[in-house]
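Asker:
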Amino acid sequence: MRNFSFEFFPPQTAEGMEKLRVTRRQLVQLHPAYFSVTYGAGGTTQQRTINTVQEIFDEGLEVAPHISCVGATRETLQDLLQTYRNLGIKRVVALRGDLPSGMVEAGELRYANELVSFIRETFGDAFRIEVAAYPEYHPQSRSAQEDLINFKRKADAGADAAITQYFYNADAYFSFVEECAALGVTIPIIPGIMPILRYSQLARFSDACGAEIPRWIRRKLEGFGDDVVSIRSFGLDVVTALCDRLLQGGAPGLHFYTMNQAGSISTICQRLGL
Ligand code: FAD
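Under the working numbering, the first residue of the sequence shown carries the number 31, and numbering increases by one thereafter.
(1) Just curious, the beta strand (DSSP E) that Thr194 is in, first and last residue?
(2) According to DSSP, is Arg121 helix, strand or coil?
(3) Return the chain-ordered ranges of every alpha helix (DSSP H) run that is complete within the segment 138 to 226 and spans a minimum of 4 residues.
(4) Do Asp190 and Ile223 come within 8 angstroms of each other at the CB atom, strictly closer than that value?
(5) Considering only C-alpha positions, which residue in the set Trp246, Lys49, Val67 is nearest to Ser35?
(6) Name the two residues that bound the continuous beta strand (DSSP E) containing Ser310.
(7) Using DSSP with H/G/I as helix, E/B as strand and the rest coil, what is Gly67?
(8) For Ile219, which residues of its own chain have a beta-carbon under 6 angstroms away from its beta-carbon, when the five flanking residues on both sides are left out?
(9) If you reduce the DSSP assignment to three classes, tell me which class Ser131 lands in.
(10) With which residues is Ser35 paired in a DSSP beta bridge?
(11) For Ala156, which residues from the same chain have a beta carbon less than 7 angstroms from its beta carbon, with the 5 sequence-adjacent residues on both sides left out?
(12) Would you say the beta carbon of Ile193 comes nearer than 7 angstroms to a heavy atom of the ligand FAD?
(13) Tell me the residue span of the alpha helix (DSSP H) that contains Glu242.
(14) For Ala136, does the three-state DSSP call read helix, strand or coil?
(15) Helix, strand or coil for Asn290? Go by DSSP, reduced to three states.
(16) Report the three-state DSSP secondary structure of Asp274 (helix, strand or coil).
(17) Return the residue from the list Val93, Thr103, Asp109 that minimises the CA-CA distance to Gly118.
(18) Just to confirm the assignment, what range does the alpha helix (DSSP H) spanning Leu50 have?
(19) Report yes if the C-beta distance between Ile298 and Pro225 is below 8 angstroms; otherwise report no.
(20) Would DSSP call Asp257 helix, strand or coil?
(21) Do the segment 129 to 139 and the segment 175 to 191 make contact, defined as three or more Cβ pairs closer than 8 angstroms?
(22) Since Phe181 and Ala241 are thought to touch, with beta carbons under 8 angstroms apart, how far apart are those beta carbons, to the nearest angstrom?
Encoded structure:
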């Protein structure tokens with residue numbers, strides 16, 4: 031069965047929480063397998079992530095908190111996982127995270143594979159674990175081959191599935207999945223999908239996380255200037271075509287980076303007939 035999921039960030043204000051409730055009411059109609067909630071590395075959003083996760087869980091929905099190990103100790107990670115276990119949470123997205131500027135303590139676990147091992151050692155199979163994958167390779171990796179081996183470490187440590195960084199080039203995804211299979215990594219690798227809503231924000235994100243916006247897409251978006259209607263319309267065409275190709279090519283599902291907005295994603299799912 032194909033697995034569709036939606037990612038939120040924890041809102042900072044009561045108004046943001048209310049907006050997210052409206053978004054959720056729309057997205058729930060698409061019957062996702064689960065919602066996930068991001069976590070500010072170094073614990074910067076910890077309580078907001080917990081509150082958002084709890085609210086979604088209390089609505090009877092499946093929810094997966096993201097957890098990152100950078101800047102954390104084993105003890106704080108264990109406490110956080112225990113909090114989620116007490117709430118009744120059964121899945122987490124396990125990440126290394128990036129050290130927030132100004133924070134110098136790297137923490138006790140260096141990489142996400144160590145976090146996956148730690149969760150398995152301390153909580154056994156209490157949580158389903160998703161990890162991150164990078165079809166265009168992680169920006170800090172020394173080589174594509176090393177990054178693949180590092181990804182394999184997370185699967186070997188006990189991850190159940192992976193969600194990719196977003197990308198707009200389907201061939202990068204298919205090639206990555208093939209290379210993983212050749213290394214014996216068989217966990218499902220779910221493409222992460224970023225809708226195109228605003229060009230400047232997307233360009234900034236993409237530069238930071240190493241996701242490529244193909245030149246033809248960049249040029250088109252630049253040409254639209256401030257014309258948000260054209261950006262949205264073009265973005266919908268590009269992203270729907272990408273999702274369609276991924277699903278036709280055998281992707282085991284899609285994970286949408288919603289930016290806490292339902293509009294574009296509902297349209298994409300409708301166009302895909304999901
Ligand atoms: P890792 O898998 O640890 O990899 C990080 C780097 O280290 C890679 O270059 C890898 O090749 C290298 N590496 C890994 N293991 C080893 C090893 N054993 N020895 C040597 N090198 C190694 N960030 C947040 O702060 N909060 C979030 O909620 C969040 N959610 C995300 C969700 C998804 C689906 C994705 C794709 C990313 C998310 N991120 C989030 C961003 C993520 O934290 C960053 O991309 C971070 O830089 C790497 O995290 P990771 O878990 O992939 O790290």
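Note that beta-carbon positions come from the ideal geometry of N, C-alpha and C, so glycine has one too.
Answerer: Once the coordinates are examined:
(1) The sequence position of residue 194 within the sequence shown is 164, counting from 1. Run containing Thr194: 191 to 196, per the beta strand (DSSP E) assignment.
(2) The count along the sequence shown starts at 1 and reaches residue 121 at position 91. Strand, per DSSP.
(3) 142 to 153, 174 to 186, 200 to 212
(4) For the purposes of this step, residue 223 is taken as residue 193 along the sequence shown, with counting starting at 1. For the purposes of this step, residue 190 is taken as residue 160 along the sequence shown, with counting starting at 1. Contact flag unset, no.
(5) Residue mapping note: residue 35 aligns to position 5 of the sequence shown, counting from 1. Of the candidates Trp246, Lys49, Val67, the one whose C-alpha sits nearest the C-alpha of Ser35 is Val67.
(6) An answer regarding residue 310 cannot be provided, because it is not within the stretch 31 to 304 covered by the chain.
(7) Walking along the sequence shown from the start, residue 67 turns up at place 37. A small correction: the amino acid at residue 67 is Val; Gly does not occupy that position in the sequence shown. Secondary structure of Val67 (DSSP, three-state): strand.
(8) Taking the first residue of the sequence shown as position 1, residue 219 is located at position 189. Counting only Cβ-Cβ distances below 6 angstroms, and skipping sequence neighbours, we find Ala163, Ala192, Val207.
(9) For the purposes of this step, residue 131 is identified with residue 101 of the sequence shown, where counting begins at 1. Ser131: coil per DSSP, three-state reduction.
(10) For the purposes of this step, residue 35 is taken as residue 5 along the sequence shown, with counting starting at 1. Tyr64, His285, per the DSSP bridge assignment.
(11) As a first step, residue 156 is located in the sequence shown; it is residue number 126 there, counting from the start. For Ala156, where only same-chain residues beyond five positions count, the Cβ hits under 7 angstroms are Arg115.
(12) The count along the sequence shown starts at 1 and reaches residue 193 at position 163. Correct: Ile193 has its Cβ closer than 7 angstroms to the ligand FAD.
(13) Here residue 242 refers to the residue found at position 212 when the sequence shown is read from its first residue. Element bounds for Glu242: n/a, residue is neither H nor E.
(14) To locate residue 136, count along the sequence shown from 1; it is residue 106. Coil, per DSSP.
(15) As a first step, residue 290 is located in the sequence shown; it is residue number 260 there, counting from the start. It is coil, neither helix nor strand.
(16) What you label residue 274 is simply residue 244 of the sequence shown in a count that begins at 1. Helix at Asp274.
(17) As a first step, residue 118 is located in the sequence shown; it is residue number 88 there, counting from the start. Of the candidates Val93, Thr103, Asp109, the one whose C-alpha sits nearest the C-alpha of Gly118 is Val93.
(18) Translated into positions along the sequence shown, residue 50 becomes position 20. Residues 44 to 57.
(19) Sequence index remark: in the sequence shown, residue 298 carries index 268 (1-based). Sequence index remark: in the sequence shown, residue 225 carries index 195 (1-based). Contact: yes.
(20) Translated into the one-based positions of the sequence shown, residue 257 becomes position 227. Asp257 falls in the coil class under three-state DSSP.
(21) no
(22) Locating residue 181 in the sequence shown gives position 151, where the first residue counts as 1. Locating residue 241 in the sequence shown gives position 211, where the first residue counts as 1. Phe181 to Ala241, Cβ: 16 angstroms. No contact.
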